[in-house]
Amino acid sequence: MTIKIAVTGALGKMGQEVVKAVIADNDCELVCAIDKFNLGFNVHNDVAIEGDIKKAFELKKPDVVIDFTQPDIIFENIKTYLDLGVKSVIGTTGLSSEQLSQIEKLSKEKSTGCFIAPNFSTGAVLMMKFAQLAAKYFNNAEIIEFHHNQKKDAPSGTAIKTAELMAQVNSNFKEGNVEEKELIKGSRGGNFEKAQINIHSVRMPGFVASQEVIFGSMGQTLKIRHDSINRECYMDGVLMAAKYIAKNNSFTYGLENIL
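Residues in the sequence shown are numbered consecutively from 220, following our numbering.
Written out as structure tokens, the structure is:
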């Protein structure tokens, strides 16, 4: 059965890649494109940009919506999708743990699937899992994440997810460190307090998304790094999530759950 797909943020850099990927996939059909710019602009066949989510969904009746928009609107977007009974795949980061809990609760109440992932690149997911494995054997670690300078939230969802996975196996990654004094506030990055992991965020033109997890112990360091060269690398994971959630009504957080 063909999955009817809506894309919110269809004219953004990620949204445009999603649109192309959906059009190219034989199991999917693009039925709706949402954005706040260029209303009426035709993106494919008779699919034109629309600005009102509720009206568009009532008319086009998508099975799944894929959302790559902005951190400041994503929470309200997800609640709208769940209230309308439309399953969603969310690639926008910036949601707090409290918001994620509310979404999970609402997803269960509405019996409507919602799939959220900090990163849809299979390589990035493997990087996170490798970091969790290494965390068992090192008591010192820091995370450096690199993104383009149009990314609004920091640290990235991927960095936070990585730190959470590492914290599951180790609660202190500053063992043996001296008491620090920052001469310039923020020099040591942000502190993920659950496991005392410093996270550093770089925002600069030329990057898409990269992350490096550095582990250290006496006489050795280990670096685990992933680089996204272009946005196409996320599309396999996005479509995988859309096809999964089309068949499931559960709340799912993280692509690793379906790999």
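The beta-carbon is built from N, C-alpha and C at its ideal position, and this holds for glycine as well.
Source: prediction; values computed, not measured.
Note on Asn-389: 16 or more other CB atoms within 10 angstroms of its CB, so buried under the neighbour-count rule.
Here Leu-249 is bridged, per DSSP, to Ile-224. Excluding the 5 residues flanking it on each side, Glu-399 has same chain C-beta neighbours closer than 8 Å at Arg-407, in chain order.
Judged by DSSP secondary structure, Thr-288 falls outside any beta strand (DSSP E); it is assigned neither H nor E. Of the residues assessed, Asp-286 falls on the buried side of the cut-off, its CB having 16 or more other CB atoms within 10 angstroms. Straight across, the Cα-Cα distance linking Ala-275 with Glu-248 is about 15 Å. Per DSSP, the continuous beta strand (DSSP E) segment holding Ile-363 begins and ends at 359-366. When DSSP states are grouped into helix, strand and coil, Arg-450 belongs to the helix group. Ala-243 and Phe-357 have their alpha carbons spaced roughly 44 Å apart.
Residue burial is scored here from C-beta neighbours: Met-423 has fewer than 16 other C-beta atoms within 10 angstroms and is therefore classed as exposed. Using a Cβ distance threshold of 8 Å, Val-432 and Ile-443 count as a contacting pair. Beta-carbon to beta-carbon, Val-308 and Val-457 are separated by about 6 Å, close enough to satisfy the 8 Å threshold. In terms of CA proximity to Lys-223, Ala-461 leads the group Phe-470, Ala-461, Ser-469, Thr-471.
Counting every other CB atom within 10 Å of its CB across the protein chains shown gives Gly-234 a total of 16 or more, marking it as buried.
Taking all protein chains in view, the Cβ of Glu-236 is crowded by 16 or more other Cβ atoms within 10 Å, so the residue is classified as buried.
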